[in-house]
Structure formats: C-alpha cells, structure tokens
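Quick note on numbering: the sequence shown equals residues 109 to 427 in our numbering.
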Amino acid sequence: MSLYRNTVWFIKGLKEYTRGGYEAASKQFNSGDLDVDCKGHSYMITGANSGIGKCIAQEIAKRGGKIHMVCRNPKTAEEVRNELIEATGNQELHLHLLDMSSPQDVKNFAKKFVDDDEQLDVLINNAGCMINTREVTSDGLEKNFTTNTLAMYMLTTHLLPILKKSSQPRVVTVSSGGMLVQKLNTDDLQFEKMRPFDGTMVYAQNKRQQVVMTEEFAKKHSDIHFSSMHPGWADTPAVRSSMPDFYEKMKEKLRSPNQGADTAVWLAVAPAALSHPSGLFFQDRKPTAKHLPLAWTKSNTSEDEHLMTLLNDLDSKYS
Ligand SMILES: NC(=O)c1ccc[n+]([C@@H]2O[C@H](COP(=O)([O-])OP(=O)(O)OC[C@H]3O[C@@H](n4cnc5c(N)ncnc54)[C@H](OP(=O)(O)O)[C@@H]3O)[C@@H](O)[C@H]2O)c1
109 MSLYRNTVWF IKGLKEYTRG GYEAASKQFN SGDLDVDCKG HSYMITGANS GIGKCIAQEI
169 AKRGGKIHMV CRNPKTAEEV RNELIEATGN QELHLHLLDM SSPQDVKNFA KKFVDDDEQL
229 DVLINNAGCM INTREVTSDG LEKNFTTNTL AMYMLTTHLL PILKKSSQPR VVTVSSGGML
289 VQKLNTDDLQ FEKMRPFDGT MVYAQNKRQQ VVMTEEFAKK HSDIHFSSMH PGWADTPAVR
349 SSMPDFYEKM KEKLRSPNQG ADTAVWLAVA PAALSHPSGL FFQDRKPTAK HLPLAWTKSN
409 TSEDEHLMTL LNDLDSKYS
C-alpha cells in the first residue's frame, strides 16, 4: 500500500506541486482576491523568519497588517524583522522568541498573550520541521511530533479566547501534501515502535494530524474559520537540509517560497477564502481532497476525536 500511495502521490506532485503546477493553477486565480487592506488587523505567524513564513509575513505587512513573528532564533528573526520593516515600510512587526518544541513555553507564551489582552485576528501555524533521527525533548517527547503536532494544538487551543474576540477570526495551518501518504495513527504518537525511524513518514503523519486537528477544531468552534493547506514543493532551507536527495533531483522544478506562501496568504486575508466552509484542506486557493483515491487513509470520527483527547491529556500536564 505504501508503494502505491507514494507512487500516486509523486506523480500527482510532479504535475501539481512544482513551479509548473503553480503557474498552471494560478491562471485560475481571481486577480483581485489579494487587494486587501489589512490595517487594523493582527496576524501571528510562527516560523516567520524563514522560507514560506517569511513570505507570508512580508505579504501581510505590505498590506498594513500588524504582525507577531513567533521565532526561535533571535539573530535571524531580528534580521528578518528589520528586513521586512525596510521592505514594506510597516513598523508593526513584533518579535516573540519561542521554541515550539517546548510545550511549557508554548503554553506560557499563549497564556501571556491572552492575559495581555493583545488583539489577534489570524493565527498562521507555519513553523515545522523534519528531523530524520529520533530525537526527544527534555520532556521526553519525540521532537517532530512536539513541534509539528503538539505545538500547533497547544498554541491554537490557548489562543482561542483572544481569537474569539475578533470579528472574523481565522486559523491557517501550513500542512503538507505529504500527509496524503499517511493514515492517522494515534497508537504511536511518539514513534517509539517505528522501525527503522523514518523522518519523512513521521513528518507526513504529523502533517496528517494537522489536517485532522483542523477539521476537529472547525467542528467545535464554528465562530472561527479554520483551514489547512499545502504550499506545493518550494525551495526553502527546510527542503534543502531535511530532504537533500529530493532537493538535488527537483531543484529546477521547485516553486519559489513566495509561490509556496500564496495560498496561506490568501486563506489569511482574502474575503473569498471565507466563502468556503471551515475545516478544509487547500492547494492553490482551492479546497482539495484530503485523501488519494483508493489509498485507504480515511480515519473515522472516533479516531479523530481520540487524537484530540490524547493531545488534550498531554497539554494538561503543563501548567
Ligand atoms: N517548502 C516546502 O516545499 C514545503 C512543503 C510542504 C509543507 N511545508 C511546510 O511549510 C512550513 C514552513 O517551512 P519552510 O519550507 O518555509 O521551511 P523553513 O524555511 O526551514 O522554515 C521553517 C520554519 O519553522 C521554524 N521552526 C522549526 N522548528 C521550530 C521550533 N522548534 N520552534 C520555533 N520555530 C521552529 C524554523 O525556525 P528556524 O529558522 O529557527 O529553523 C523556520 O522559521 C513548514 O510547516 C513545512 O512543513 C513546506
């Protein structure tokens, strides 16, 4: 089954996820969709110092939005903040240092943001990683899971009270089409049983979990517009460092980081995005299937709810 899924997925990717795929899809874009004034609105972007997150920040800053950049590396984050202020003329870029692989820090950060009664209209969960060996955090949690899944769950959950004060709140999660090769698996969230450890499949499972969480959040919180998306295959530091073989083979065909960011920006700011129901998975400004044909990756409602229960249990271990 995994050979079937991987083959179908790769063929789909060659057609749709490449620069050529973006150029073909973008012919259908409504050119006015991003003519939006973001002044008066506030956007939080995780991983805003690099790749897709940086491009999202720049596009929204250009449109006048207030940006909360949530980053772990103080040096690159400050450099990028200055670069974006210079490029956009928008002074409202605020830096928050946070390592998303520390659940306690994620919880503290979100709670303080809410206690400070900061305004937040849109949360963009963009930070992500693919670590190819099994590493555990000081809490004993597998690092990809902690950064990609648990952090997204905790940050979103603990920012809900402030998002709910917005007139049109949105949560956009940068997932990946790579999730199409994985069925949700809640039996081994820490990948203790996986032999051999496979960073690509761990990442794909985490990205599937993000898509399932987006659906579950959407079911529970009808006053917030939730979406997940696939950026396509974009030339970013993560792809170069975590997938060097893929990068070497595909580098001529990769999207630019801006092309990868386009749908996330559209989901975050375009009024047109809100015409779609909450909880969907998008690619190139359109809702797209969450499953490959005949791939048997659909989980049932109780499995999806079980994921949320397990994440809630983990979250409750932190004060
Ligand atoms: N590029 C693609 O083709 C592609 C395809 C599908 C999905 N995606 C998704 O797109 C998102 C952005 O990735 P990218 O391709 O733009 O790669 P990138 O340029 O390497 O950006 C990844 C961002 O995540 C941050 N990050 C990683 N671990 C973190 C942690 N523990 N705490 C805080 N921040 C952390 C990184 O911070 P540092 O700079 O400090 O490392 C960086 O800002 C990810 O969720 C990725 O899975 C990308």
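Idealized CB from N, CA, C, for every residue including glycine. Keep in mind it's a predicted model, so treat the numbers as computed, not measured.
Listed in chain order, the non-local C-beta contacts of residue 144 below 8 Å within the same chain comprise 171, 377, 378 and 379, local neighbours out to five positions each way being set aside. In this structure, residue 280 sits away from residue 236, with a CB-CB distance that is not shorter than 9 Å.
Around the C-beta of residue 303, fewer than 16 other C-beta atoms lie within 10 Å, and the residue is accordingly described as exposed.
For residue 366, the enclosing alpha helix (DSSP H) starts and ends at 365-377. DSSP places residue 216 inside the alpha helix (DSSP H), whose first and last residues are 211-223.
Within the region 272-305, the beta strand (DSSP E) runs of at least 3 residues that lie entirely inside it are, in chain order, 278-282. Going by beta carbons, residue 256 and residue 298 fall outside the 9 Å limit. Secondary structure in the region 308-372: the beta strand (DSSP E) runs of 3 residues or longer, each lying completely within the stretch, are 333-338 in chain order. Rounded to the nearest whole angstrom, the C-alpha separation of residue 183 and residue 161 is 16 Å. Counting along the chain, residue 151 sits inside the beta strand (DSSP E) bounded by residues 150-154. Taking residue 153 as reference, the option from 142, 396, 169 and 351 with the minimal CA-CA separation is 169. Inter-segment contact for the region 184-192 and the region 394-411 is absent: fewer than three beta-carbon pairs are separated by less than 8 Å. Here the alpha carbon of residue 147 sits roughly 7 Å from the alpha carbon of residue 174.
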